[in-house]
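Here's the structure we're looking at; comments come further down.
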Amino acid sequence: MVPEIRVLQVDDDDAFRDRSTAALEDAGIDVVTAADAATGLERLDAGIDCVVTEYDVPGRDGVGFVNAVRERRPDLPVVLLTDRGDEAVASEAIGAGVADYFRKRAVEGRFDALVASVDEAVAERREAAGVAESERMLSTLVSNLPGIVYRCRNAETWPMEYLGGNVEEITGYAASDFLEGDVQWADLIDRPDNDTLWADVQEALDAGDPFEVTYRIVDASGERRWLREQGRRVERSGSDDASTTIEGFISEVTAERRRERAIAEYDRLVDAVGDPVYTTDPEGCFTTVNARME
37 MVPEIRVLQV DDDDAFRDRS TAALEDAGID VVTAADAATG LERLDAGIDC VVTEYDVPGR
97 DGVGFVNAVR ERRPDLPVVL LTDRGDEAVA SEAIGAGVAD YFRKRAVEGR FDALVASVDE
157 AVAERREAAG VAESERMLST LVSNLPGIVY RCRNAETWPM EYLGGNVEEI TGYAASDFLE
217 GDVQWADLID RPDNDTLWAD VQEALDAGDP FEVTYRIVDA SGERRWLREQ GRRVERSGSD
277 DASTTIEGFI SEVTAERRRE RAIAEYDRLV DAVGDPVYTT DPEGCFTTVN ARME
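Residue numbers for the sequence shown follow the working numbering, so the first one is 37 and each next one is one higher.
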């Protein structure tokens, strides 16, 4: 049983409401009661996890109360009880999206079925809420990362299945361009880097290792950018081609590569000077010397 469940039970049949409330409370479920629709709606905000309601409650006919609950709390599961047994009521209940449907005569004397239904409905709601919260947190995290999070198939065109983060800022293309196949990631890779990149990634994947590669792309405006990519092969449950799936992170390192190139060029020029060249720190210790100084 899912712990700490609070149920709102709405029924104008005092005797049945008392018996079902006692059964729910015996199962460790907290129960808030109401005898009419107006009172029931007022008590929806009392930390309610599930609603158990009669089909016809004073103030609302048919599934009118269920629909009113849906308007205020779309995610709240509702278990419907009724004295009627015709197919029209069952069809209306299903159409209203109730979590479960019972005839009172079937529940009377064995409320364990009602308890089990409430437990299951609340567990499913909480699981869905947990998944939604995890997805929200992941979306927030990805949106704040200085790069691109991806999942792709291990094919030479690198077909993307998921892209998040600074996709358009780095590539000049929208994420949807890649996901819909209008642009392939391989189309961006600077040709001289393409063959080497594929070989390096396959070598790491074949060994079961993560990989880190640096390569150039040509963005939508024609500008060349340096990217650093870290990724690995991942297993996906229920997928026959889990071995061909890669997930990873891509960051732009253009500025870093330009600095490295500028430093290398500076060092080359300093070494080419025929005179001794050196630098010192504030304490007078040598920090750099050229070949002539040596």
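Every residue gets a Cβ at the ideal spot worked out from N, C-alpha and C, and that includes glycine. Predicted model, so just to flag it, every value in this text is computed and none were measured.
CB-CB length for Gly208 against Ser257, believed under 8 Å: 5 Å
Using 10 angstroms around the beta-carbon of Ser212, count the other beta-carbons present and answer buried if the total reaches 16, otherwise exposed. The residue in question, Ser212, is exposed, as its Cβ has fewer than 16 Cβ neighbours within 10 Å.
Per DSSP, cross-strand counterpart(s) of Ser196: In the sequence under discussion, the amino acid at residue 196 is Met, which differs from the Ser named in the question. Cys188.
First and last residue of the beta strand (DSSP E) that includes Asp66? Where Asp66 is concerned, the enclosing beta strand (DSSP E) stretches over 66-70.
Quick check: does the Cβ of Glu128 come within less than 6 Å of any heavy atom belonging to the ligand NAP? Questions concerning the ligand NAP fall outside what the structure shown contains, since it holds no ligand whatsoever.
Could you spell out the range, first to last residue, of the beta strand (DSSP E) harbouring Gln238? Run containing Gln238: none in the beta strand (DSSP E); it sits in the alpha helix (DSSP H), 227-242.
Gly131 to Arg227, Cα distance in whole Å? 57 Å
If you follow the beta strand (DSSP E) that Phe247 is part of, which residue opens it and which one closes it? 247-254
Arg79 beta carbon less than 7 Å from that of Val68: yes
Length of the line joining the Cα atoms of Ala222 and Asp231: 11 Å
Kindly give me the distance between the Cβ atoms of Ala129 and Val99, rounded to whole angstroms, as I take these residues to be in contact under 8 Å. 6 Å
For a quick check, are the C-beta atoms of Ala104 and Leu77 less than 7 Å apart? yes
What three-state label does DSSP hand Asp111 in the structure shown? Three-state DSSP puts Asp111 in coil, outside helix and strand.
The segment 245-253 touching the segment 143-157, judged by at least three CB pairs closer than 8 Å: no
Return the CA-CA distance between Arg294 and Asp111, expressed in angstroms with no decimal places. 53 Å
Residue ranges of each beta strand (DSSP E) within the segment 260-311, 3 or longer: 260-269, 281-288
Can you check which of these residues, Arg261, Gly200, Thr193, is closest to Tyr186 by C-alpha distance? In terms of CA proximity to Tyr186, Gly200 leads the group Arg261, Gly200, Thr193.
Pull up the CB-CB distance for Arg269 and Ile206, whole angstroms please, since I reckon it's below 8 Å. Contact flag wrong, Cβ pair sits at about 23 Å.
In terms of alpha-carbon separation, which member of Gln238, Ile286, Ala243, Ile41 lies closest to Pro113? Ile41
Would Val143 and Cys86 be called neighbours here (beta carbons separated by less than 7 Å)? Contact flag unset, no.
So is Gly244 in contact with chain D if we call contact Cβ pairs under 7 Å? The structure shown contains no chain D, having only a single protein chain.
Which partner residues does Phe371 have in the DSSP bridge list? Nothing can be reported for residue 371, as the shown portion of the chain is limited to 37 through 330.
What is the DSSP secondary structure of Phe214, counted as helix, strand or coil? In this structure, Phe214 counts as helix in the three-state DSSP scheme.
Check the DSSP bridge columns for Glu90 and list the partner residues they point to. Leu117
Taking its Cβ as the centre, do 16 or more other Cβ atoms sit within 10 Å of Gln45, making it buried, or is it exposed? buried
Please report the distance separating the alpha-carbon of Thr315 from that of Ile299. 14 Å
Apart from the five residues just before and just after Tyr91, which ones in its own chain have a Cβ nearer than 8 Å to its Cβ? Answer for Tyr91: Gly98, Val99, Leu116, Leu117, Thr118, Asp119, Arg120, Val125, Ala129, listed in chain order.
Mind checking whether Gly95 and Asp72 have CB atoms under 7 Å apart? yes
Gly100, DSSP secondary structure in three states: The answer is helix: DSSP assigns Gly100 an H, G or I state.
Which residue marks the beginning of the beta strand (DSSP E) containing Arg6, and which one marks its end? Any property of residue 6 remains undetermined from this structure, which presents the chain solely from 37 to 330.
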